[in-house]
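Letter by letter, the sequence shown follows residues 172 to 354 in the working numbering.
Positions of the beta carbon are idealized from the N, C-alpha and C atoms, including for glycine.
Note that the structure is predicted; figures quoted are calculated from it, not measured.
Input: a single structure, listed below in structure tokens.
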Amino acid sequence: MRSHKPRLAGQTSQALIEFALISPVLLLLLFGIIDIGRAVFYYDTLGHAAREGARAAVQASIQLPSNADVLTSVSSQMAGVPVTEPCPQGPITSATPPNNAAWLYVTEPNPPASVEANPPMNAPGGEYSASAAGGCSAVNPASGNAPLQVTIRLNLILITPVIAQATANRILITASAIFRTEY
């Protein structure tokens, strides 16, 4: 015959208390790994989208590329992240894009942070020349193998409270690519 040991009620309660004490640490670790994984994913995605946008901006074709072509190319690479062009030819400001959204700029390499009235070539060849307007730089279409820089800024909002507090509740990720025009 088997003998049954009586189960003490305190042992069950002890396991529950131990789990309650350790579970917040495990959940914080799990969500922290998810946040870091999202940041690495978007960092890689932004780099790839910037290169694709730069390729779209510099390719010679029957119809020269425009800012809209670059935006379409970049948007197709960004996994569900809305991309807009607040000032396509710059300046690239220190302002923060909306939550989980990106801003796109097509400029000359190393653009200044202020409005340019007479910029060097800073737009795809399919754009029309335009004067500076408001806080946006003038548009000067590229030609003669001029270099163009495509810059994307993403405001990634985190989901883990402790990491979010340590990073002001967001991570600003910037990627850029510089290619020479083929036209």
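Confirm, please, whether the CB-CB distance from residue j to residue i is below 8 angstroms.
| i | j | result |
| --- | --- | --- |
| residue 322 | residue 345 | yes |
| residue 311 | residue 302 | no |
| residue 229 | residue 275 | no |
| residue 260 | residue 243 | no |
| residue 329 | residue 295 | no |
| residue 306 | residue 286 | yes |
| residue 209 | residue 325 | no |
| residue 309 | residue 290 | yes |
| residue 250 | residue 216 | yes |
| residue 205 | residue 280 | no |
| residue 354 | residue 198 | no |
Report the residue from the options whose alpha carbon sits nearest the alpha carbon of residue i.
| i | options | result |
| --- | --- | --- |
| residue 337 | 188, 352, 203, 270 | 203 |
| residue 333 | 255, 195, 305 | 195 |
| residue 343 | 184, 259, 272, 291 | 272 |
| residue 254 | 264, 226, 239, 265 | 239 |
| residue 340 | 283, 290, 286, 269 | 269 |
| residue 288 | 267, 214, 262 | 262 |
| residue 241 | 304, 297, 353, 335 | 297 |
| residue 347 | 183, 188, 213, 220 | 220 |
| residue 258 | 201, 304, 184 | 304 |
| residue 252 | 213, 189, 222 | 213 |
| residue 248 | 256, 186, 191, 224 | 224 |
Go ahead and pull the three-state DSSP assignment for residue i.
| i | result |
| --- | --- |
| residue 195 | helix |
| residue 278 | strand |
| residue 338 | coil |
| residue 347 | strand |
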